[in-house]
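The structure appears below as structure tokens.
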Amino acid sequence: MWNYFAPQEITWYQWRLDGGRAFLRKNGEEWRLAFVSGSFMELVPDAGGPEPVEHPGTAAVSFAVGKGKRVALRPHYANKPYLITVRNEVRLLPGAEARFTVALPPLLRFELEDGTVLAEKQLFNLSPTWFGDKDAGNLCLSLPLMLDPQCKGEIRTVEETDGNTGVDTLSRTAECKSLIHCDLVVRNSTKNELDLKRLAIFTDLMNIYEEDGFLNGDTVLIDTTNDGGLRMSIDGGTHKNRKQIHTGNRSGISELLVRRGIKFLKAITGI
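Our numbering runs 436 ahead of the 1-based position in the sequence shown.
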């Protein structure tokens, strides 16, 4: 689904994207492109393509001009951090570790084989939200999810209060091949309990891998420290033998992982 291919001239192609759609047509050096964004809360596990279709329906069509015979729809991380608004609060006790599996809607790009970008679109319409204080905050994309922790150590989960909608959404994401699946590990090394209300995922350093048609991202590790700080790191060891289709930025790691400090910790835990 993400590989480069040589489309036939004047033929529309469609990618099915778990409730969203992407369309492309080539006519010499002219490219016609269209996207249909679905709803992240109304996922329909159904992904595949490219496949010939008659037309893109009522989708708005854009145009690009560029030389190239082979093209692909390629997944990237969004150009803003993802902020998971945890709909079921999770309390992390001292010394405990919680592992979450999340699925991130990618930023999709039609790319020629030389890397030229013809068009791009965020898969699914995600609401922007501010994360952190006015000085050290970030504009993020909000993912309202009901998270199910897989825990090492002791943890208490506050009973959910709004039905099973979030749980159903979480279970459907596991079947979606257009989403980037990754693990998020939070480790509480302090002597205080942490009530996790929001979890931010900064994807600058993360790679994307493909295996059996599914997209996977590196594991994100978040460690609290006794001095009230926060360490973040990326663990890509699990996926080292898989096909890599997006490479994260490995420069400026220290700045990315350290600069947010205590204000960042307060923001994600709701202290």
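Don't be surprised by glycine CBs; every beta carbon is placed ideally from N, CA and C.
Span separating the alpha-carbon of residue i from that of residue j
| i | j | result |
| --- | --- | --- |
| Leu540 | Gly455 | 14 Å |
| Asp671 | His491 | 42 Å |
| Ile658 | Val501 | 43 Å |
| Glu646 | Lys557 | 20 Å |
| Lys445 | Lys462 | In the sequence under discussion, the amino acid at residue 445 is Glu, which differs from the Lys named in the question. Rounded to whole angstroms, Glu445 to Lys462 spans 5 Å at the Cα level. |
| Leu519 | Pro564 | 9 Å |
| Glu487 | Tyr449 | 5 Å |
| Glu752 | Gly474 | Since the first residue of the chain shown is 437 and the last is 707, residue 752 is not available in this structure. |
| Thr494 | Phe441 | 25 Å |
| Arg506 | Leu554 | 12 Å |
| Val497 | Arg457 | 13 Å |
| Lys627 | Val621 | 18 Å |
| Phe546 | Ala514 | 15 Å |
| Leu575 | Phe567 | 6 Å |
| Ala534 | Lys503 | 49 Å |
| Met437 | Pro530 | 44 Å |
| Phe476 | Gly551 | 28 Å |
| Thr674 | Phe471 | 33 Å |
| Glu595 | Leu548 | Confidence at Glu595 is low in this model, with a pLDDT of 42, below 50, so its placement is unreliable and the value that follows should be read with caution. Those two C-alpha atoms are separated by around 49 Å. |
| Leu453 | Leu579 | 18 Å |
| Trp415 | Gly653 | There is simply no residue 415 to check, as the chain begins at 437 and stops at 707 in what is shown. |
| Ser669 | Thr447 | 45 Å |
| Trp467 | Phe499 | 6 Å |
| Arg678 | Thr521 | 30 Å |
Whole-angstrom C-beta distance between residue j and residue i, which should lie under 8 Å
| i | j | result |
| --- | --- | --- |
| Leu460 | Leu469 | 5 Å |
| Ser614 | Leu559 | 6 Å |
| Leu577 | Lys516 | 5 Å |
| Leu641 | Asn685 | 6 Å |
| His682 | Pro511 | 7 Å |
| Glu629 | Arg527 | 6 Å |
| Thr537 | Asp631 | Not quite, the Cβ-Cβ distance comes to about 20 Å (not below 8 Å), so this is no contact. |
| Asn561 | Ala508 | The pair is not a contact, with the Cβ atoms about 23 Å apart (cut-off 8 Å). |
| Arg667 | Pro481 | Not confirmed; about 35 Å, so no contact. |
| Thr660 | Arg623 | 7 Å |
Bridge-paired residues (DSSP) for residue i
| i | result |
| --- | --- |
| Asp449 | According to the sequence provided, residue 449 is Tyr. The question's Asp does not apply to it. DSSP output for Tyr449 lists Leu460, Pro488 as bridge partner(s). |
| Asp576 | The sequence shown places Cys at residue 576, not Asp. Per DSSP, Thr565. |
| Ala500 | Trp467 |
| Asp454 | Gly456 |
| Phe441 | Val507 |
| Met642 | Paired residues: none, contrary to the question. |
| Met668 | Ile658 |
| Thr521 | Pro580, Arg634 |
Boundaries (first-last residue) of the beta strand (DSSP E) holding residue i
| i | result |
| --- | --- |
| Cys618 | 616-623 |
| Asp659 | 655-660 |
| Asp648 | Element bounds for Asp648: n/a, residue is neither H nor E. |
| Leu509 | 507-512 |
| Lys679 | 679-682 |
| Asp631 | 630-637 |
Whole runs of the beta strand (DSSP E) within the region 536-562, excluding any shorter than 3 residues: 543-548, 553-558, all fully within the region 536-562.
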